[in-house]
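Report on the structure given below.
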Amino acid sequence: MKHPLRLLLADDHEVTRTGFISMLAGIEGFEVVGQAYDGQEALDLCERLQPDIAILDIRMPVLNGLGAARILKQRQPQIKVIVFTMDDSPDHLEAAIAAGAVGYLLKDASRAEMLDALKRVAQGEEALNSAVSARLLRRMAERGASGAPQVQALTTRERQVLGLVASGFSNREIGEKLGIAPGTAKAHVERVIGKLGAADRTQAAVRGVALGLVAQPSGQWP
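Numbering (our numbering), first residue to last: 683 to 904.
What follows is the structure in structure tokens.
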């Protein structure tokens, strides 16, 4: 990263904000530029401070995290949103994705998991809690969430890539597993998304499961 990743944290619990900042202490490449008590304050600070990533709790007074995420998506789509919550409900994950969040992390995530998620989101990827995502994918596939799109045939390599996407791997990890460059892995992922008529990686994984192109994920992704 050419400059520190600028973060804004919104949570109505001071202990959570303090703990998050302490977790990043001494680590280069990250800077918490603002703290908010509620979703409305988060929106005001995002307008003034222009962070790279807004980290939002779901349950906050005045305006909750999902509401703030929806407004940010409309007003400042360049700011990426990570939902940071104790709620492991697939319903809230689905709502967070619909609101425009690209990350969904539980507050018991380890320091390594949080740092990895921040880096992935900064690189334009998604960072969704693996266990909650697996449950959501299974449920969406079971209710026929594919929408029966007209899809193009996938090559053998693209099926391999789709399987790894559905297992929660990043472009870099996909490249390592297949012995290809990260840029090549990214290009494969983009082609798969396009061929499946999906909007993003998560929808591509759901459609892949629903169409029988990949197996349903287990309770915990790698």
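Where is the CB? At the ideal position from N, CA and C, for every residue including glycine.
Here the structure is a predicted model, which means the values were calculated and not measured.
Problem - Start and end residues, beta strand (DSSP E) containing Ile764 - result: That run of the beta strand (DSSP E) goes 762–767.
Problem - Opposing strand residues paired with Tyr786 [DSSP bridges] - result: Within the DSSP secondary-structure output, Tyr786 pairs in a beta bridge with Val765, Leu810.
Exercise for the section: Please state whether DSSP places Lys859 in a helix, a strand or coil. Expected result: DSSP places Lys859 in helix when its eight states are reduced to three.
Exercise for the section: Out of Gly708, Lys877, His774, state which residue places its alpha-carbon closest to the alpha-carbon of Tyr632. Expected result: The structure shown does not extend to residue 632, since the chain spans only 683 to 904, so no value can be given for it.
Exercise for the section: Give the single residue among Gln758, Ala692, Lys868 whose Cα lies nearest to the Cα of Arg883. Expected result: Nearest neighbour of Arg883 by Cα position, chosen from Gln758, Ala692, Lys868, turns out to be Lys868.
Exercise for the section: Return the CA-CA distance between Ile909 and Gly879, expressed in angstroms with no decimal places. Expected result: Not covered by the structure: residue 909. The range shown for the chain is 683 to 904.
Practice task
Determine contact between the stretch 723–733 and the stretch 701–709, defined as no fewer than three beta-carbon pairs at a distance below 8 Å.
Solution key: Judged by Cβ distances under 8 Å, the stretch 723–733 makes no contact with the stretch 701–709, as fewer than three pairs qualify.
Exercise for the section: For Arg841, I'd like the list of residues in its chain whose CB is within less than 8 Å of its CB, leaving aside the five on either flank, ordered along the chain. Expected result: Correct list, in chain order: Leu895, Val896.
Practice task
Specify the secondary structure class of Phe702 as computed by DSSP and reduced to three states.
Solution key: Note: Phe702 maps to helix in three-state DSSP.
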